[in-house]
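First comes the structure, then the notes that go with it.
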Amino acid sequence: MMKSALGRFRLIGLIEGISYLVLLGIAMPLKYFWDYPAPVKIAGSLHGLFFVLYILALAHVTITNKWSFLKVIGAFIASLLPFGNFVLDARLKKEQ
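Mapped onto the numbering used here, the consecutive letters of the sequence shown carry residue numbers 24 to 119.
This is the structure:
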């Protein structure tokens with residue numbers, strides 16, 4: 024999976040998607056329901072790092088695979104939606 028730009032993008036996308044779900048599903052409820060904000064700082068920082076890596080990997084795969092503008096926008100929007108990266112990964116798996 025790590026040998027191609029698409030494989031690296033898929034892997035980073037999965038990690039970024041998991042970090043997003045942890046942030047939304049675990050850290051945010053701990054902060055707002057149980058007044059415990061520390062997990063949001065940790066999960067939020069990690070998610071921010073993974074999101075930046077995702078954008079860099081998206082730029083790399085766009086250049087190497089000559090993705091269209093619409094495909095790039097779709098991949099970006101997928102990163103903003105819960106479970107979006109997992110749907111995108113299933114579609115990209117067919118392409119790889």
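For every residue, glycine included, the Cβ atom is placed at its ideal position computed from N, Cα and C. Given the structure is predicted, the values throughout are model-derived calculations rather than measurements.
Next item on the list: Could you check which residue in Leu-76, Lys-117, Thr-87, Ile-49 has the C-alpha nearest to that of Phe-99?
Entry: As a first step, residue 99 is located in the sequence shown; it is residue number 76 there, counting from the start. When each option's Cα is compared against that of Phe-99, the closest is Leu-76.
Checklist line | Buried versus exposed, by CB contacts within 10 Å (16 or more), Ala-66 | finding: On the sequence shown, position 43 is the one that residue 66 refers to. Ala-66 is buried by the Cβ-count criterion.
Notebook entry, point to check: Looking at the unbroken alpha helix (DSSP H) that takes in Asp-112, where does it start and where does it end?
Noted result: As a first step, residue 112 is located in the sequence shown; it is residue number 89 there, counting from the start. Residues 107 to 118.
Note to self: Here's a check: name, in chain order, each residue in its chain whose Cβ is nearer than 7 Å to the Cβ of Pro-105, leaving out the five neighbours to either side.
What the structure shows: Position 82 of the sequence shown holds residue 105. Cβ within range, chain order: Tyr-43, Leu-44, Leu-47.
Notebook entry, point to check: Can you name, in chain order, every residue of its own chain whose Cβ lies under 8 Å from the Cβ of Ile-39, other than the five neighbours on each side?
Noted result: For this step, residue 39 is matched to residue 16 along the sequence shown. One point to set straight first is that residue 39 is Glu, not Ile, in the sequence displayed. Result list for Glu-39: His-70, Phe-73, Phe-74, Leu-76, Tyr-77, Ser-102, Asn-108, in chain order.
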